[in-house]
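Notes for the one structure printed next.
Residue numbers (the UniProt record's numbering): 1 to 393.
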């Protein structure tokens, strides 16, 4: 086995250069993606992180860098900044970045850099320098890993990537304590098992970081597109098409043994609100009432906007009495709503239809029948609910 120092140094430099190229290729691809695209904070943060990491490994590839402690310190500071930004971008793309996370990353990044500089000044050994960087990286990974693993309604992709990062974090923590347990020599610049494992870990982290971020970004984009296609922009309720598809599926379920109720509602005198106060005020009324109605419903219920000021509710397991109670609760909640901008309290009228168990009725027929019931509620003076019963077959 050839242990010529120059050959070992060349191998080490080659590894670092390959890491530089890996990060630079990511930068090139992100640059092409960003061209004429809407600015995405997560992508921009990840982009900056890749530049910093590329600069880190470019400095590390300098021959005999261990003799240049200032250059080595700058390289590791850039690495800590890059890891901080990359994990921050990862947390952003999985929807967990907030004001508390920002404070955590800002303060811990400063603490990690100060910790590394303190080691350089007071106890400058390679093992302890590696321990500080490894521990800091593991801590940086905690928020996104926790978000991907512990949060409910997580996707399989998030779960797998989260556990992969968890394994890496545990490996980094093991790497942190190795200077105190002299099983094998701890050095990135000396040939041996530790160096080989370190290089393998660096490649895995780079590949997981780049691929994972791209896949999670794609998943987020798909989720946002689905939301745009399924929900009303103004009120956040399901749009008519999505409501119809979901409602029809529930009504056509073969194992449905309970009655279901369909409620059609609209806002009383909404045209007068638009004409008297303007469309902005009308939009505000729609937003507020939609929020109140959706907050008054169970999670199993469907709530959608059919157009204008007309909304629909499907109560999958509610009969006559249950739907009447829910309708009255919704009516009172809306009636007690205080609308700003000098608007009078708004009220709603509702038409209710209950479908008997095991009876298959097209949703369009339910809509037509509930519309007749809604018209009856208007005739009764508005701010009330009216019902039309469907006879048993």
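We put the beta carbon where it would ideally sit given N, CA and C, even for glycine.
Because the structure is a prediction, the values reported are computed rather than measured.
Does DSSP classify residue i as helix, strand or coil?
i           : result
residue 237 : coil
residue 69  : helix
residue 83  : helix
residue 123 : coil
residue 294 : helix
residue 155 : coil
residue 97  : coil
residue 374 : helix
residue 337 : coil
residue 133 : helix
residue 261 : strand
residue 380 : coil
residue 349 : strand
residue 275 : helix
residue 27  : helix
residue 478 : Residue coverage of the chain in this structure runs from 1 to 393, which leaves residue 478 outside it and unanswerable.
residue 287 : helix
residue 252 : coil
residue 355 : strand
residue 328 : helix
residue 389 : coil
residue 364 : helix
residue 222 : helix
residue 319 : coil
residue 403 : The structure shown does not extend to residue 403, since the chain is modelled only from 1 to 393, so the question has no answer here.
residue 425 : Outside the displayed span of the chain (1 to 393) sits residue 425, for which this structure offers no information.
residue 177 : helix
CB-CB under 8 Å to residue i, same chain, minus the five flanking residues each way: which ones, in chain order?
i           : result
residue 29  : none
residue 208 : 161, 164, 165, 168
residue 124 : 69
residue 266 : 308, 309, 310, 311, 348, 349, 374
List the whole-angstrom C-beta distance separating residue i from residue j, where the pair is believed to meet the contact cut-off of C-beta under 8 Å.
i           : j           : result
residue 26  : residue 83  : Not confirmed; about 15 Å, so no contact.
residue 96  : residue 158 : So it is not a contact: roughly 11 Å between Cβ atoms.
residue 176 : residue 134 : 5 Å
residue 56  : residue 71  : No, residue 56 and residue 71 are not in contact; Cβ-Cβ is about 11 Å, not under 8 Å.
residue 76  : residue 129 : 7 Å
residue 363 : residue 253 : So it is not a contact: roughly 13 Å between Cβ atoms.
residue 226 : residue 286 : Going by Cβ atoms, the distance from residue 226 to residue 286 rounds to 23 Å, so no, they are not a contact pair.
residue 179 : residue 115 : Contact doesn't hold; Cβ gap of about 14 Å is too wide.
Closest to residue i by CA distance: which of the options is it?
i           : options            : result
residue 17  : 174, 385, 203, 383 : 203
residue 360 : 373, 19, 206, 259  : 259
residue 376 : 386, 368, 302      : 386
residue 274 : 301, 384, 308      : 308
residue 196 : 383, 380, 381, 15  : 15
residue 331 : 384, 374, 283      : 384
residue 245 : 283, 229, 233      : 229
residue 390 : 351, 380, 382, 379 : 351
residue 428 : 223, 36, 286, 237  : The structure shown does not extend to residue 428, since the chain is modelled only from 1 through 393, so no value can be given for it.
residue 373 : 226, 155, 264      : 264
residue 316 : 277, 286, 356, 280 : 356
residue 141 : 370, 114, 173      : 173
residue 241 : 304, 257, 113      : 304
Count the other CB atoms within 10 Å of the CB of residue i; is the residue buried (16 or more) or exposed (fewer)?
i           : result
residue 21  : exposed
residue 23  : buried
residue 183 : exposed
residue 86  : buried
residue 88  : buried
residue 398 : There is simply no residue 398 to check, as the chain begins at 1 and stops at 393 in what is shown.
residue 99  : exposed
residue 251 : buried
residue 122 : exposed
residue 323 : buried
residue 300 : exposed
With a CB to CB cut of under 6 Å and the five nearest residues on each side skipped, what residues in its chain are close to residue i?
i           : result
residue 334 : 289, 292, 348
residue 47  : 30
residue 104 : none
residue 206 : 22
residue 81  : 52
residue 50  : 23, 26, 27
residue 366 : 262, 353
residue 270 : 309
residue 341 : Residue placement at residue 341 is flagged as unreliable, the pLDDT there being 46, under the threshold of 50; a coordinate-derived value is accordingly withheld.
residue 314 : 247, 262, 302
residue 329 : 296
residue 120 : 73
For residue i, which residues of its own chain have a beta-carbon under 7 Å away from its beta-carbon, when the five flanking residues on both sides are left out?
i           : result
residue 272 : none
residue 93  : 42, 213, 216, 217, 220
residue 210 : 26
residue 101 : 91, 143
residue 139 : 108
residue 54  : 20, 23, 24, 27
residue 382 : 268, 347, 349
residue 306 : 240, 312
residue 371 : 264, 351
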